[in-house]
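For what it's worth, my numbering labels the leading residue of the sequence shown as 279, then goes sequentially. The C-beta atom is built at its ideal place from N, Cα and C for all residues, glycine as well. Accompanying notes for the structure given below.
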Amino acid sequence: MNSVLYLGPPHSFHHLAAQSYFGEEATYTAVQDPEDIGRLLEQDAYTHGVIAVENVQAGRVPRHLEIIAHNDLFISAQLIMEVNLFLCGLHGATLNDISAVYSHPMALRQSDRFLADRNWQQVEMSSTSEALLHISNSGRQAWAAIGNRTAAGLFSLDILAGPVNNAKDNHTRFFVVQKRNKVEAETTTGKEFTSILIEATALEASREVISSAGWQVFREWPLEGSDKVMLELQATDQERVPGSIEAFPLIGCYANAKYCFEH
Numbered sequence: 279m280n281s282v283l284y285l286g287p288p289h290s291f292h293h294l295a296a297q298s299y300f301g302e303e304a305t306y307t308a309v310q311d312p313e314d315i316g317r318l319l320e321q322d323a324y325t326h327g328v329i330a331v332e333n334v335q336a337g338r339v340p341r342h343l344e345i346i347a348h349n350d351l352f353i354s355a356q357l358i359m360e361v362n363l364f365l366c367g368l369h370g371a372t373l374n375d376i377s378a379v380y381s382h383p384m385a386l387r388q389s390d391r392f393l394a395d396r397n398w399q400q401v402e403m404s405s406t407s408e409a410l411l412h413i414s415n416s417g418r419q420a421w422a423a424i425g426n427r428t429a430a431g432l433f434s435l436d437i438l439a440g441p442v443n444n445a446k447d448n449h450t451r452f453f454v455v456q457k458r459n460k461v462e463a464e465t466t467t468g469k470e471f472t473s474i475l476i477e478a479t480a481l482e483a484s485r486e487v488i489s490s491a492g493w494q495v496f497r498e499w500p501l502e503g504s505d506k507v508m509l510e511l512q513a514t515d516q517e518r519v520p521g522s523i524e525a526f527p528l529i530g531c532y533a534n535a536k537y538c539f540e541h
């Protein structure tokens, strides 16, 4: 049975994405610190982790990419989740009552147009579901949180406004990761995408090798505090040159994204 780590608490977008991919047969455990996903997978305490890496509006999540690159992890799948954000508060609260809004920094950034004309204090939390739970437990009608509709209902909060995200087509991309030595050999080849780590100084020299091997650079992610770059490659040629990419440190091999939606 798969045992899956996600950034929580329960009912976060990470949790919803993980459930969409692994289904009812898996067991799920929430962590508050994304570093715990890398640490616990390396200790063989769990089989998989689900971690967000970029949002169409807010961009990449540098810390999460660094966790993948700096731990002995392997990307085995990618998920894209539709993200609709709602302003939620205690029963009976109105927009005129609100003086502070709580959420994950990415959610606040994705809703900055809605928040721009409101002189509310913005308080960052480790996840949207943590923010919703905090408001539910606070008893403060002057506080609100931005998060998903599912968690709002489970925490007995009212929807005060929404969707409040800037773009109608708002989605977040997640990677499914596992410990490298748990990956079956046949899963590391023949997929649409692969991710590699290279030295920043070797980036330009590597482009010709990558192109001639039948790949194009899909994403280029410099890693903060490191001299390495994480490259996500997409296949351009079904007859890819065997062995060419394997010369680079391989940290992922996965198919086109599975799309998942909040129900």
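#1: Would DSSP call Arg418 helix, strand or coil?
#2: Considering Tyr324, what are the terminal residues of the alpha helix (DSSP H) in which it resides?
#3: For Thr307, which residues does DSSP report across the bridge?
#4: Only counting the same chain, and skipping five residues up and downstream in sequence, which positions put a Cβ closer than 6 Å to that of Phe300?
#5: Closer than 6 Å by C-beta to Leu368: which residues in its own chain qualify, once you throw out the five before and the five after it? Chain order, please.
#6: On the DSSP bridge list, what partners appear for Ala355?
#7: Under 8 Å by Cβ, that's how I've got Ala336 and Gln297 pegged, so tell me the actual separation to the nearest angstrom.
#8: Gln456 to Gly440, Cα distance in whole Å?
#9: Identify every residue that forms a DSSP beta bridge with Arg338.
#10: State the DSSP-derived secondary structure class of Ser298, mapped to helix, strand or coil.
#11: In angstroms, rounded to a whole number, what distance separates the CA positions of Phe392 and Lys469?
#12: Measuring CA to CA, which of Ser381, Thr479, Ile315, Leu438 is closest to His326?
#13: Please report the residue range of the alpha helix (DSSP H) in which Glu482 lies.
#14: So, helix, strand or coil for His292, using DSSP?
#15: Which runs of the alpha helix (DSSP H) at least 4 residues long sit entirely within the region 345-410? Give them in chain order.
#16: Measure the Cβ-Cβ separation of His293 and Ala308 and say whether it is below 8 Å.
#17: So what does DSSP say about Ala478, is it helix, strand or coil?
#18: Can you tell me whether Asp332 is buried or exposed, with buried defined as 16 or more other CB within 10 angstroms of its CB?
#19: Please identify the residue among Asn415, Leu435, Gly417 whose C-alpha is closest to the C-alpha of Ile424.
#20: Using three-state DSSP, classify Leu511 as helix, strand or coil.
#21: Hey, could you find the ends of the alpha helix (DSSP H) Gly431 is sitting in?
#22: Quick one: what does DSSP say Gly503 is sitting in, helix, strand or coil?
#23: Would Leu343 pass as a contact of Arg458 if the rule is Cβ separation under 8 Å?
#24: Tell me the DSSP secondary structure of Leu435 in three-state form.
#25: Between the region 375-384 and the region 393-407, are three or more C-beta pairs nearer than 8 Å?
#26: Is it true that the CB of Asn444 sits closer than 8 Å to the CB of Asn362?
#27: Does DSSP put Ile536 in a helix, a strand or coil?
#28: Pick out whichever of Pro527, Phe526, Gln512 has its Cα sitting closest to the Cα of Gln356.
Considering the structure as presented:
#1: coil
#2: First-last for Tyr324: undefined, no H or E at that position.
#3: Leu283
#4: Asn280, Val282
#5: Gln419
#6: Val454
#7: Not confirmed; about 23 Å, so no contact.
#8: 35 Å
#9: Glu332
#10: helix
#11: 40 Å
#12: Ile315
#13: 481-490
#14: helix
#15: 383-388, 390-394
#16: yes
#17: helix
#18: Position check: residue 332 holds Glu in this sequence, whereas Asp was assumed. Buried, by the Cβ-count rule.
#19: Leu435
#20: strand
#21: 427-432
#22: coil
#23: no
#24: coil
#25: yes
#26: no
#27: Ile is not the amino acid found at residue 536; the sequence shown has Lys there. Reduced to three states, the DSSP call for Lys536 is strand.
#28: Gln512
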